[in-house]
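Our numbering runs 1 ahead of the 1-based position in the sequence shown. Notes follow the structure.
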Amino acid sequence: MSDSPILPPAVGTATPNTMALLLTTFGEFYRQEVGATEDIHRSLPFFGTALGIVIAALAYAAGRLPKFYDISGIQGRIAFAASCVLLLLAVVEAACVLVWISLAIGRRDYQRIAPETALRQRFEALRAYYGRQELTGIQQDAEILQDMRQALLDSYAEVTPVTRRINQERYRFRALASSHLVRALIWALGATTIIFIADKAGFLPKMVP
Numbered sequence: 002m003s004d005s006p007i008l009p010p011a012v013g014t015a016t017p018n019t020m021a022l023l024l025t026t027f028g029e030f031y032r033q034e035v036g037a038t039e040d041i042h043r044s045l046p047f048f049g050t051a052l053g054i055v056i057a058a059l060a061y062a063a064g065r066l067p068k069f070y071d072i073s074g075i076q077g078r079i080a081f082a083a084s085c086v087l088l089l090l091a092v093v094e095a096a097c098v099l100v101w102i103s104l105a106i107g108r109r110d111y112q113r114i115a116p117e118t119a120l121r122q123r124f125e126a127l128r129a130y131y132g133r134q135e136l137t138g139i140q141q142d143a144e145i146l147q148d149m150r151q152a153l154l155d156s157y158a159e160v161t162p163v164t165r166r167i168n169q170e171r172y173r174f175r176a177l178a179s180s181h182l183v184r185a186l187i188w189a190l191g192a193t194t195i196i197f198i199a200d201k202a203g204f205l206p207k208m209v210p
């Protein structure tokens, strides 16, 4: 009866103490990147609140600005034009926020370290391999432990850079959304300030309830 294919032990592995250090370090890097995959979603309430402020500014402007031809004074028309330009910029910036944040939270094909079944199969293959080498007891366990550590190191080294690259891409999208969000807030604040000052100065006609 032919034997099933058995993977040989790793060649040129690090010393046990060094491997233990690398395994701990790689494991921490992996956990950091896995935890970072949810950072974008945890920041969504902030973006929602800030966009709500922009929407409130737009609602205030829509309720306060009269028709352009109802404004008689040049100061009022200048204030009207300036506020409309700023509000238009705020709308464009807010739309950009939605585009970039949508890209940031889009589905990604993250990778994970070898599943339990793969690790168990690797263990069984190594135990069969060392069994044929007539190693038993503590010596066999030490060899298997070393190779299982190497298998985990290889798995960490394969998947962690992929997860890190995806996270960095998502962070870049979130950073772009943040910059557009700040500008949207600035334009909205500028528009509402102009409308408020023009209203108090009497440049805009009083709105009839």
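The C-beta atom is built at its ideal place from N, Cα and C for all residues, glycine as well.
When the Cα atoms are used, Ala-189 and Ala-91 turn out to be separated by approximately 6 angstroms.
From the listed residues Gln-134, Ile-75, Ala-178, the smallest Cα separation to Val-100 is found for Ala-178. Secondary structure of Gly-107 (DSSP, three-state): coil. When Ile-198, Arg-65, Asp-110, Thr-193 are compared, the shortest CA-CA separation from Val-163 is found for Asp-110. Taking Glu-39 as the centre and dropping the five residues before and after it, the same chain places no C-beta closer than 6 angstroms to its C-beta. Sixteen is the threshold: since fewer than 16 other Cβ atoms of the shown chains lie within 10 Å of the Cβ of Gly-64, the residue is exposed. DSSP, reduced to helix, strand and coil, places Ser-44 outside both helices and strands of the structure shown, so it counts as coil.
Between Pro-116 and Glu-144, the alpha-carbon positions lie close to 21 angstroms from each other. Using a Cβ distance threshold of 8 angstroms, Tyr-131 and Gln-141 count as a contacting pair. With a contact defined as Cβ atoms closer than 8 angstroms, Gly-74 and Phe-204 qualify at about 6 angstroms. As the crow flies, the alpha-carbon of Leu-22 is around 23 angstroms from that of Ala-119. The straight-line gap separating the alpha-carbon atoms of Ala-126 and Glu-159 is approximately 21 angstroms.
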